[in-house]
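The opening position of the sequence shown corresponds to residue 1 in UniProt numbering, with each subsequent residue numbered one higher.
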Amino acid sequence: MIYMKTTSRFIPGMGRPHPVENGVNWHPTLGVPFLPGSSVKGVVRAWAESYNKVDEKTITRIFGPKELEKSAGSVIFFDALPTRHVRLAMDIMTPHHSNYYQGKTKNPHEWETPNPIPFLAVDEGQTFVFAIAPRRLQDQEDLVQVEHWLKEALETMGAGAKTAVGYGRFKKP
1 MIYMKTTSRF IPGMGRPHPV ENGVNWHPTL GVPFLPGSSV KGVVRAWAES YNKVDEKTIT
61 RIFGPKELEK SAGSVIFFDA LPTRHVRLAM DIMTPHHSNY YQGKTKNPHE WETPNPIPFL
121 AVDEGQTFVF AIAPRRLQDQ EDLVQVEHWL KEALETMGAG AKTAVGYGRF KKP
């Protein structure tokens, strides 16, 4: 079990269908925001491939072959869940040049009307538990490596939506 606390707002699952446009991943049983195990696996794999110069053989052993959509490696990734009641925050993004970004105009125009889009986010300071397990007893070494990568990835890259603008960062509590 790895406990990590959000240092910025965290948006798991933005873009999911939702009545108010931008949804959040809500756990179907617990009714809390969560990060699916497949997303945790994706964050760690991206970190290992991009920042650790790990050879392809090791990546395939730990995460499974990339060609297969659902592939099993030596480490099992579980859903990341909050450790207690989650404080949510209302956030807003305001695209200013929607027609330009949608390819409807060649250049952005200053007379376009901004379009405020409200959305929910998990507030900073919320603790989540991340769980990983070895697939077989002999995979303990891979588990130790993945635990290290997971912490680094969450602190450096973050998880969820809008990580490029600082959302989804974590630290050890």
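In this text, a Cβ means the ideal position worked out from N, Cα and C, and glycines have one as well. Treat the numbers as computed from the prediction; the structure is a model and nothing was measured.
In the three-state reduction of the DSSP assignment, K171 falls in the strand class. Less than 8 Å separates the beta-carbon of P114 from that of H96.
R136 counts as exposed, since fewer than 16 other C-beta atoms from the protein chains shown sit within 10 angstroms of its C-beta. For D123, the three-state secondary structure derived from DSSP is coil. Nearest Cα to V44 within the set R169, L154, D123 and R61: L154. The segment 4–14 makes no contact with the segment 92–110; the number of CB pairs closer than 8 Å stays below 3. When secondary structure is reduced to three states using DSSP, I62 falls in the helix class. Scanning its chain for C-beta atoms nearer than 7 Å, with the 5 sequence neighbours on each side dropped, one finds around F34 the residues P12, N25, H27, D79, A80 and L81, in chain order. Here the alpha carbons of G125 and G64 stand approximately 33 Å from one another. Assigned with DSSP and collapsed to three states, L35 falls in strand.
A distance below 8 Å separates the beta carbons of A131 and M1. Just measuring C-alpha positions, the residue of G168, G158, D91 and Q138 sitting nearest I62 is Q138. In this structure, the alpha-carbon of V32 lies about 42 Å from that of K106. By a beta-carbon distance limit of 8 Å, E152 contacts W47. Their separation comes to about 6 Å. By the neighbour-count criterion, in which a residue is buried when 16 or more other Cβ atoms sit within 10 angstroms of its Cβ, G166 is exposed.
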